[in-house]
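> Here the sequence shown stands for residues 49 to 269, where the numbers follow the numbering used here. Okay, here's the structure, questions in a sec.
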Amino acid sequence: MLSTDGVHGHPADDFILSTPRYDLDSLDEFNWDENFSQSPSPHDFAHGQMNNGSTAQKMPMPTSPFDPRGSTANEQPIPKLAERAARAAPPRRAVDGPIPPTPTSTNLGKRKRREADLFLACPIFQADIILGRGHSCSSAGPAKNMSDIRRHLLRGKKPHLHFLKSCKTCKKHVLHQQEYETRHGQHCGKVQPQRQSTETQWTLLFAQLYSDIENIPSPCK
49 MLSTDGVHGH
59 PADDFILSTP
69 RYDLDSLDEF
79 NWDENFSQSP
89 SPHDFAHGQM
99 NNGSTAQKMP
109 MPTSPFDPRG
119 STANEQPIPK
129 LAERAARAAP
139 PRRAVDGPIP
149 PTPTSTNLGK
159 RKRREADLFL
169 ACPIFQADII
179 LGRGHSCSSA
189 GPAKNMSDIR
199 RHLLRGKKPH
209 LHFLKSCKTC
219 KKHVLHQQEY
229 ETRHGQHCGK
239 VQPQRQSTET
249 QWTLLFAQLY
259 SDIENIPSPC
269 K
């Protein structure tokens with residue numbers, strides 16, 4: 049504490065003594081509006097107005113190098129990924145007309161059409177043409193497989209054959225019942241051959257019926 053005789057005491061007391069004193073009456077007479085200006089608030093900046101009623105100039109905002117509003121608006125922008133990929137991809141060769149079929153698809157299509165359009169003729173009818181005889185049937189109708197041919201030869205008004213059966217083991221056509229019962233069916237010991245086409249089966253049957261005809265006709269009508 050400061051003593052009454054002017055001797056300094058505590059350092060804090062020295063700071064209080066060194067601080068200038070102001071007269072309260074003089075502070076009341078001080079013109080605060082003329083000597084101090086209030087700094088604008090963020091709200092004033094946002095609305096373009098100052099506290100004293102003046103209009104604040106809008107500050108320019110920093111722009112991106114790729115912002116069309118910036119100084120680099122005339123520069124080429126970055127292309128999209130799809131456009132870049134399209135430019136990088138090799139050009140496709142234009143194909144005029146339909147795609148040509150492959151050899152495999154062509155062969156399969158021809159075989160399917162041939163099987164669909166295949167109508168087998170009666171072997172006896174074909175033999176009558178070669179031998180110059182009168183026809184005893186109307187050529188088996190729309191026969192599409194060997195089952196239809198066997199049915200035609202056995203079930204006509206005047207059957208061409210009295211017995212005809214295909215062995216399930218050797219796939220051979222048997223013309224006599226006794227032979228079938230003793231050598232074929234369950235008694236057949238021959239190994240089953242590979243699957244034969246319909247045309248091949250018809251040709252073998254014709255050769256059995258007419259062994260004296262060398263030039264075997266076509267099985268189709």
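For glycine and all other residues, C-beta sits at the position ideal for the given N, C-alpha and C. Small disclaimer: the values here were computed from a predicted structure and weren't measured.
Looking at the secondary structure, which residues open and close the alpha helix (DSSP H) in which Pro-272 lies?
Since the first residue shown for the chain is 49 and the last is 269, residue 272 is missing from the structure and cannot be characterised.
> Could you tell me the alpha carbon to alpha carbon distance between Arg-203 and Phe-211, rounded to whole angstroms?
Within the sequence shown, residue 203 is the residue found at index 155, counting from 1. Within the sequence shown, residue 211 is the residue found at index 163, counting from 1. Spanning the two alpha carbons is a distance of roughly 11 Å.
> Would you check if the distance between the CB atom of Lys-269 and the CB atom of Phe-167 is smaller than 7 Å?
Along the sequence shown, read from residue 1 onward, the residue named residue 269 stands at position 221. Along the sequence shown, read from residue 1 onward, the residue named residue 167 stands at position 119. Going by C-beta atoms, Lys-269 is nearer than 7 Å to Phe-167.
> Pair every Cβ in the segment 168-187 with every Cβ in the segment 216-230, then say whether three or more of these pairs are closer than 8 Å.
no
> Keeping to the same chain, check which residues put their C-beta closer than 7 Å to that of Asn-100; ignore five residues upstream and five downstream.
Looking up residue 100 in the sequence shown gives position 52. At Asn-100 the pLDDT is 48, less than 50, meaning the model places this residue with poor confidence and gives no usable figure here.
> Taking DSSP as the reference, what is the three-state secondary structure of His-200?
As a first step, residue 200 must be located in the sequence shown, where it is residue number 152. It is helical.
> Nearest to Gln-249 by alpha carbon, out of Lys-213, Pro-207, Gly-189, Leu-209?
For the purposes of this step, residue 249 is identified with residue 201 of the sequence shown, where counting begins at 1. Selected option, being the one with the closest Cα: Lys-213.
> Does the Cβ of Ile-197 have 16 or more other Cβ atoms within 10 Å, making it buried, or fewer, making it exposed?
The count along the sequence shown starts at 1 and reaches residue 197 at position 149. It is buried - the Cβ of Ile-197 has at least 16 other Cβ atoms within 10 Å.
> Would you mind reading off the limits of the alpha helix (DSSP H) that contains Thr-230?
As a first step, residue 230 must be located in the sequence shown, where it is residue number 182. It spans 225-231 - the alpha helix (DSSP H) in which Thr-230 sits, taken as one unbroken run.
> What does the Cβ neighbour count give for Ser-195, buried or exposed, with the cut at 16 atoms within 10 Å?
The residue given as residue 195 occupies position 147 in the sequence shown. Answer is exposed; the Cβ neighbour count stays below 16.
> Spatial neighbours of Glu-229 within its chain, please: C-beta separation below 8 Å, excluding the five flanking residues on both sides.
In the sequence shown, residue 229 corresponds to position 181, counting from 1. Taken in chain order, the residues that qualify are His-235.
> Of all the options Gly-189, Ile-261, Leu-252, which has the alpha carbon lying nearest to the alpha carbon of Leu-223?
To locate residue 223, count along the sequence shown from 1; it is residue 175. When each option's Cα is compared against that of Leu-223, the closest is Leu-252.
> What residue range is occupied by the uninterrupted alpha helix (DSSP H) comprising Phe-254?
The count along the sequence shown starts at 1 and reaches residue 254 at position 206. Element bounds for Phe-254: 246-257.
> Take Ser-187 and list the residues in its own chain whose beta-carbon comes closer than 7 Å to its own, dropping the five residues that flank it on each side.
To locate residue 187, count along the sequence shown from 1; it is residue 139. For Ser-187, where only same-chain residues beyond five positions count, the Cβ hits under 7 Å are Ala-169, Cys-170, Phe-173, Lys-269.
> Excluding the 5 residues preceding and the 5 following Asp-176 in the sequence, name in chain order all residues of the same chain whose CB lies nearer than 8 Å to its CB.
Residue 176 sits at position 128 when you count from the first residue of the sequence shown. Counting only Cβ-Cβ distances below 8 Å, and skipping sequence neighbours, we find Gly-182, His-183, Ser-184.
> If you draw a straight line from the C-alpha of Lys-238 to the C-alpha of Pro-190, how long is it?
Indexing the sequence shown from 1 puts residue 238 at position 190. Indexing the sequence shown from 1 puts residue 190 at position 142. Their Cα atoms are separated by approximately 33 Å.
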